[in-house]
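As structure tokens, the structure follows; a few thoughts come after it.
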Amino acid sequence: MASKEAYITGIGQSEVGVRLPRHPMLLTLDAVREALDDAGLTLDQIDGVFTFPGKSPGYLAFSPIGADDLIDTLGIDAKWHMGAMEQPAQLSAIGMAAMAVKQGLCRHVICFRTVYEAGGMTNPEVYMSGMKQPTVSGASQWTSPFWATSAACWVAQYASRHMHEYGMTREQLAQIALNGSRNAMKNPRARAITKEELTFDKYMSARLISTPLCLYDCDRFSDASTVIIVSAGDALDEVKCEPVRIASMAGSVDRYSWDQVDWFAAYETGQDLWKHTDYTTADVDTAQFYDGFAFLPITWLEGLGFCEKGEGGKFIEGGSRIAIDGELPLNTNGGQLGAGRLHGFGFAHEAVTQLRGLGGERQIPGDPKVAVATSGGGPMAAALLLAKD
1 MASKEAYITG IGQSEVGVRL PRHPMLLTLD AVREALDDAG LTLDQIDGVF
51 TFPGKSPGYL AFSPIGADDL IDTLGIDAKW HMGAMEQPAQ LSAIGMAAMA
101 VKQGLCRHVI CFRTVYEAGG MTNPEVYMSG MKQPTVSGAS QWTSPFWATS
151 AACWVAQYAS RHMHEYGMTR EQLAQIALNG SRNAMKNPRA RAITKEELTF
201 DKYMSARLIS TPLCLYDCDR FSDASTVIIV SAGDALDEVK CEPVRIASMA
251 GSVDRYSWDQ VDWFAAYETG QDLWKHTDYT TADVDTAQFY DGFAFLPITW
301 LEGLGFCEKG EGGKFIEGGS RIAIDGELPL NTNGGQLGAG RLHGFGFAHE
351 AVTQLRGLGG ERQIPGDPKV AVATSGGGPM AAALLLAKD
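Position 71 of the sequence shown, counted from 1, bears residue number 71 in the working numbering, the numbering being contiguous throughout.
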């Protein structure tokens, strides 16, 4: 019954830029305002706030705004709220909100992700104060002494293994970045990130960051806030937008160690997503896959079953299958490689945009009804299957 379902009813996004002077709370409020207007809701109708990963005091640039901050700033009467790193990747905050409205704990929930990783560099004393430590402990003791603190180093190991075992080539991998750049050129919000379309020659000649990943295989720090409003099925008479149903969701966390997992969590999460729905990969009209690094969409293609394990490189070869007019339009807003590191939430935002037919120049053809959005890589992952009923 629709009354027992959870729906995305509002989406909003602030300006996306690099080293924006605007305070991250103000970016968040911009996105909240746009999402409320989109849904046709007022602030006093919001009774829940969910975010990932909550405020990050040691590295505020990564997550400068927590659920409590937003509640206090806007005076929200929250019946339930949450913000924590201990979730199965970014989009799990939306999944948790869906569970809250299904259980009747809330009617309309603001889910948000605010990043300020570029802007924070202009004021490191405030936003990056916890980055310098006299000693290392925990997982960083195995990476910091070897200058391997970047996730690029960790993902590169798995990409290299994939190339060794299954024959994926850099020419194939390039299609993720090329597709993202091409789509970003059609996305007005990506103009501060992608100013000219990436060419194959430029990609192949770019400096390597961690073999086999080059500069254009890595997303770029950016400043932005993205808001998704999740509403209960029995509250749809209060909204004025076209709701999009959360048809299925899944998440998983393997042993939380990047160097000890055999396969990324996308593989387990991908299988689980289909256990909660009658939809199959054949029903999906567009895929919005987390691409913090270009190799990660390969794991989602294989993990969700759009191709066999090890066949991801061949699936994207030439780029035609994943183009806007292709078999599986991928990251139609440019993804994080082309439209900025929005840390997962941008994929849910774009999935809803496409299902509503509001993509403008980047809108996929036909009448899309089903989309999948994912987040995470390595030992943690979350996925949402969205449907326009």
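The beta carbon of each residue, even a glycine, is placed where N, CA and C say it ideally should be.
*Pick from VAL239, GLY251 and SER210: whose alpha carbon is nearest that of ALA148?*
SER210
*What distance in whole Å lies between the Cβ atoms of GLY95 and ALA418, which are believed to be in contact at a cut-off of 8 Å?*
Outside the shown range of the chain, which is 1 to 389, sits residue 418, and nothing can be said about it.
*Use the C-beta contact count for HIS23: other C-beta atoms within 10 angstroms, 16 or more gives buried, fewer gives exposed.*
exposed
_With distance defined between alpha-carbon atoms, name the residue in PRO134, ASP285 and GLY138 nearest to GLY326._
ASP285
*Decide if the segment 5–14 is in contact with the segment 31–47; the criterion is three or more beta carbon pairs, one per stretch, under 8 Å apart.*
yes
*asked:* At the level of alpha carbons, what is the spacing between SER375 and LEU70?
replied: 23 Å
*Is it buried or exposed for PHE200, if we count other Cβ within 10 angstroms and need 16 for buried?*
exposed
*Do ARG170 and MET204 have their CB atoms nearer than 8 Å?*
yes
*Could you say which of VAL155, ASP77 and GLY120 lies nearest to SER257 if we only look at CA atoms?*
VAL155
*Test item: CB-CB of ASP219 and LEU301 under 8 Å*: no
*asked:* If you measure between the beta carbons of THR394 and SER252, is that distance less than 8 Å?
replied: Because residue 394 is not part of the residues shown, which for the chain are 1 to 389, the question remains open.
*asked:* Within 10 Å of its beta-carbon, does HIS164 have 16 or more other beta-carbons around it, so buried, or fewer, so exposed?
replied: exposed
*Would you check if the segment 228–244 and the segment 99–112 touch, i.e. whether three or more CB-CB distances between them fall below 8 Å?*
yes
*In angstroms with no decimal places, state the Cα-to-Cα distance between GLY180 and ARG189.*
13 Å
*CB ASN331 to CB ASN183, shorter than 8 Å?*
yes
_So, at 6 Å on beta carbons, what are the nonlocal neighbours of THR51 in its own chain, with the 5 sequence-adjacent residues on each side left out?_
ALA67, GLY83, ALA93 and PHE112
_Start-end ranges of the beta strand (DSSP E) lying completely within the segment 278–341, minimum 3 residues_ = 286–288
*Mark PRO358 as exposed unless 16 or more other C-beta atoms lie within 10 angstroms of its C-beta, in which case mark it buried.*
Reading off the sequence shown, one finds Leu at residue 358, where the question assumed Pro. Classification of LEU358: exposed, given that the 10 Å Cβ count is below 16.
_Pull the bridge partners of HIS108 from the DSSP assignment, please._
SER231
_C-alpha distance - VAL239 paired with LEU20, whole-angstrom precision_ = 32 Å
*Whole beta strand (DSSP E) elements within the segment 147–211, 3-residue minimum*: 208–210
_So if DSSP puts THR374 in a beta bridge, which residue, or which two residues, is it bridged to?_
ALA383
_Residues bridged to ILE246 [DSSP beta-bridge criterion]_ = LEU386
*Note down, in chain order, each residue of its chain lying with its Cβ closer than 6 Å to the Cβ of ILE407, except the 5 sequence neighbours on either side.*
This structure cannot settle anything about residue 407, because the visible part of the chain is limited to 1 through 389.
_Range of the contiguous beta strand (DSSP E) that encloses MET82_ = 80–83
*Note the first and the last residue of the continuous beta strand (DSSP E) segment covering VAL49.*
48–51
*Can you name the residues that DSSP bridges to ILE11?*
ILE228
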